[in-house]
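Peer 1: Here you go, one structure.
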Amino acid sequence: MTHIDVFDPPMCCSTGVCGPSVDPLLAAFAADVEWLTAQGVTVVRHNLSQDPQPFVSNTHVLDLMQREGTTCLPIVLVNGEELGHGAYPRREALARAAGLAASASPTKPRIRLSEECCTPGSGCC
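Counting the sequence shown from 1 gives a position; our numbering is that position plus 290.
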């Protein structure tokens with residue numbers, strides 16, 4: 291079984307798709323993660339601002355961050371091996387790394403706004 295770890299840059303919520311302006315690339319990646327999960331792939335996202343311990347515990351991630359700072363984020367590891375860093379990979383690359391055939395998303399990614407994440411005027415984003 292494939293295990294993917296995503297080491298995200300600091301974001302106000304776990305997916306980064308909250309607040310008044312959503313990055314469409316981040317929304318597409320969130321949809322790709324949802325697709326991977328539906329295919330049986332385990333995907334764990336680590337947010338630097340909410341879950342810093344995995345960044346320190348993983349020697350590869352720590353080394354990259356010490357050399358490049360947070361500009362190396364996101365870092366994506368597949369079964370412990372780096373798939374890439376500095377940008378979110380596209381569905382095709384994720385599927386290939388997981389041994390899957392990529393399929394197009396049947397619908398545009400849906401952005402779920404959560405009150406626990408960011409509410410207008412809360413100052414969290």
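Each residue gets a CB set at the ideal place from its N, CA and C atoms; glycine is no exception. Note that the coordinates shown come from a computational prediction; the quantities given were computed from them, not determined experimentally.
Going by beta carbon distance, what residues of the same chain come within less than 7 angstroms of Ala391, once the five residues before and after it are set aside?
Peer 2: Ala385, listed in sequence order.
Peer 1: Per DSSP, what kind of secondary structure is Arg380 in: helix, strand or coil?
Peer 2: In the structure shown, Arg380 sits in coil (DSSP, three-state: anything other than H, G, I, E or B).
Peer 1: Flag this pair as yes or no: are the beta carbons of Ile460 and Val331 separated by less than 8 angstroms?
Peer 2: This structure cannot speak to residue 460, because the chain is shown only from 291 to 415.
Peer 1: Strictly by DSSP, which residues pair up with Arg335?
Peer 2: The partner list for Arg335 (beta bridge, DSSP) reads Val296.
Peer 1: Does the contact criterion of 3 or more C-beta pairs under 8 angstroms hold for the segment 371-378 versus the segment 346-363?
Peer 2: A contact exists between the segment 371-378 and the segment 346-363.
Peer 1: Within a Cβ cutoff of 6 angstroms, which residues of the same chain sit near Leu367, ignoring the five residues on either side of it in sequence?
Peer 2: Excluding sequence neighbours, Leu367 sits near Asp295.
Peer 1: Classify Val334: buried if its beta carbon has 16 or more other beta carbons within 10 angstroms, exposed otherwise.
Peer 2: Exposed.
Peer 1: Taking its Cβ as the centre, do 16 or more other Cβ atoms sit within 10 Å of Val323, making it buried, or is it exposed?
Peer 2: Its Cβ being crowded by 16 or more others within 10 Å, Val323 is buried.
Peer 1: Quick one: does Arg380 have its CB under 8 angstroms from some CB of chain C?
Peer 2: As a matter of chain content, chain C is missing from the structure shown, which is built from one protein chain.
Peer 1: Within a Cβ cutoff of 8 angstroms, which residues of the same chain sit near Ala383, ignoring the five residues on either side of it in sequence?
Peer 2: Closer than 8 angstroms at the Cβ level, and outside the excluded window around Ala383, lie Leu373 and Gly374.
Peer 1: Using the Cβ count rule (16 or more neighbours within 10 Å means buried), how would you classify Pro379?
Peer 2: Burial call: buried.
Peer 1: State the start and end residues of the unbroken beta strand (DSSP E) segment that holds Val368.
Peer 2: That run of the beta strand (DSSP E) goes Ile365 to Val368.
Peer 1: Leu316: which of Pro299, Ser393 and Leu338 sits nearest, CA to CA?
Peer 2: Per the Cα distances, Pro299.
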